[in-house]
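Numbering-wise (our numbering), the sequence shown opens with residue 20 and increments by one.
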Amino acid sequence: SGGLDSFIGAIDILNKEKDIWFVGHYGGGKGVIQYQKNVIKKLINQYDLSAEQFFSFYASPVRPDKFTPMEDSTRTRSFMFFAHAIILGSAIDRDTTLYIPENGLISLNIPLTNTRLGSSSTRTTHPYYMRLLQQLLINLGLKIQLHNPYQFKTKGEMIVECKDPIFLKANISQTMSCSHPDLGRYSGDANPSHCGNCLPCIIRRSAIEYAYQNDESNYRDKDFQLKGAKDNLRSFKLGVMDYVGSKIDAALTIQISGPIVDNLDNYCNVY
């Protein structure tokens, strides 16, 4: 994806084996594709890979007719990754593991406030969603096993425990975590960058601070001054305060976005 989690996932896998394909997609903006290309180049050079191991698909919403509003959110983005990888994996007549490197906190998608509990908030790496998708693959007779190796890790823990910490630290600022990296063009920025104030950016910043105490990534709004930024920060603070002062069991809170059947204690620890 060009993001930090997938970069760490690629590094960790490549330190064990090279027999792997990397699958991604990009849309119409410049924000993601240039980071993807840069990360791919870094991985190829570092691990002596072939460009043929990387598959990148163009994906953009299509309006079915003039009466139907066009889908303009990215809430199905992860599903597109799944779909492209499943298509490739289904062409191989052998058991295949589909790795989905996503930190456990984002995967659980616990709403910080009631405003984040809705259809615009993605749940496509949530344990329940992945459980249903895995059952669908089984029903279709596909030999594909879904696996998120970081289901019980925070983003900060992923950074600290990376198998090639020197390579990661040298390139971490070249990854893209922001949910809307192209918005800077409205204020005159020529190049895409992190906004610094959306939820993925806040989690990224806190994770890098936890791991390195210094973040060299470029953020447009480090001090939460842009429109809506203070609301994002306030939501995050309210979420933390609710967690600290809540009398509700964590096992119930983490299931707001979907039921969790297995490993409940491990998911509670992530939260």
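Every residue, glycine too, gets a C-beta built ideally from N, C-alpha and C.
No experiment lies behind these values; they were computed from the predicted model shown.
Assuming F74 contacts L117 (C-beta within less than 8 Å), just tell me the rounded distance between them. Translated into the one-based positions of the sequence shown, residue 74 becomes position 55. Translated into the one-based positions of the sequence shown, residue 117 becomes position 98. Their Cβ separation, rounded to whole angstroms, is 13 Å, which puts F74 and L117 out of contact at 8 Å.
Through-space distance from P130 to S138, alpha-carbon basis: On the sequence shown, residue 138 is found 119 positions in, with the first residue counted as 1. On the sequence shown, residue 130 is found 111 positions in, with the first residue counted as 1. Its pLDDT being 46, under 50, S138 is placed unreliably in this model, and the value from its coordinates should be taken loosely. Whole-angstrom Cα-Cα distance: 12 Å.
Contact check, K182 vs N34 under 8 Å by CB: the rounded distance? On the sequence shown, residue 182 is found 163 positions in, with the first residue counted as 1. On the sequence shown, residue 34 is found 15 positions in, with the first residue counted as 1. Contact flag correct, Cβ pair sits at about 4 Å.
Would A230 pass as a contact of G175 if the rule is Cβ separation under 8 Å? Residue numbering aside, residue 230 sits at position 211 when the sequence shown is read from its first letter. Residue numbering aside, residue 175 sits at position 156 when the sequence shown is read from its first letter. Contact check for A230 against G175 passes: the beta carbons are separated by less than 8 Å.
Reduced DSSP category for Y118 - H, G, I as helix; E, B as strand; rest coil: For this step, residue 118 is matched to residue 99 along the sequence shown. The answer is strand: DSSP assigns Y118 an E or B state.
Could you work out which residue in I125, V263 and L283 is closest to L271 when comparing CA atoms only? Translated into the one-based positions of the sequence shown, residue 271 becomes position 252. Among I125, V263 and L283, the Cα nearest to that of L271 is on L283.
If you reduce the DSSP assignment to three classes, tell me which class G50 lands in. Along the sequence shown, one-based indexing puts residue 50 at 31. Coil, per DSSP.
Looking at the unbroken alpha helix (DSSP H) that takes in Y147, where does it start and where does it end? For the purposes of this step, residue 147 is taken as residue 128 along the sequence shown, with counting starting at 1. Element bounds for Y147: P146 to N158.
Where the alpha helix (DSSP H) containing G108 begins and where it ends: Taking the first residue of the sequence shown as 1, we reach residue 108 at position 89. First-last of the alpha helix (DSSP H) with G108: R96 to S109.
So, helix, strand or coil for S75, using DSSP? Counted from its first residue, the sequence shown places residue 75 at position 56. In this structure, S75 counts as strand in the three-state DSSP scheme.
Compare the C-alpha of Y45 against each of A110, K56, H145 and D38 and name the closest. The residue labelled residue 45 in the question sits at position 26 within the sequence shown. Checked all of A110, K56, H145 and D38; the closest Cα to Y45 is K56.
At a cut-off of 7 Å, would you count H166 as near the ligand FAD, judging by its Cβ distance to the nearest heavy atom? Absent from the structure shown: the ligand FAD. Ligands present: none.
Mind reading off the beta-carbon distance from P120 to Y54? Whole number of angstroms is fine, and I expect it under 8 Å. Sequence index remark: in the sequence shown, residue 120 carries index 101 (1-based). Sequence index remark: in the sequence shown, residue 54 carries index 35 (1-based). 16 Å between Cβ atoms; not a contact.
Alpha carbons only, please: which of Q232, N128 and R253 is nearest the one belonging to H145? On the sequence shown, position 126 is the one that residue 145 refers to. Residue N128 is the option with its Cα nearest to H145.
For M149, does the count of other Cβ atoms within 10 angstroms reach 16, so buried, or fall short, so exposed? For the purposes of this step, residue 149 is taken as residue 130 along the sequence shown, with counting starting at 1. By the neighbour-count rule (16 or more Cβ atoms within 10 Å), M149 is buried.
Spell out a yes or no on whether the region 242 to 259 and the region 184 to 196 are touching, meaning 3 or more CB-CB pairs, one atom from each, closer than 8 Å. no
The beta strand (DSSP E) enclosing F10, as first and last residue numbers: In this structure the chain extends from 20 to 290, so residue 10 is not present and cannot be described.
Three-way DSSP call (helix, strand, coil) for V289 in this model: Indexing the sequence shown from 1 puts residue 289 at position 270. If DSSP states are grouped into helix, strand and coil, V289 belongs with the helices.
Can you tell me whether F160 is buried or exposed? The criterion is at least 16 other CB atoms within 10 Å of its CB, across all chains shown. Mapped onto the sequence shown, residue 160 falls at position 141. For clarity, residue 160 is Gly in the given sequence; the question names Phe instead. So G160 ends up on the exposed side.
At which residue ranges does the region 173 to 222 contain complete alpha helix (DSSP H) runs of 4 or more residues, listed in the order of the chain? Qualifying alpha helix (DSSP H) stretches, in chain order: 174 to 179 and 184 to 190.
Of the residues W40, S97, D114 and I178, the one placed nearest T143, counting alpha carbons only: Numbered from its first residue, the sequence shown carries residue 143 at position 124. Among W40, S97, D114 and I178, the Cα nearest to that of T143 belongs to S97.
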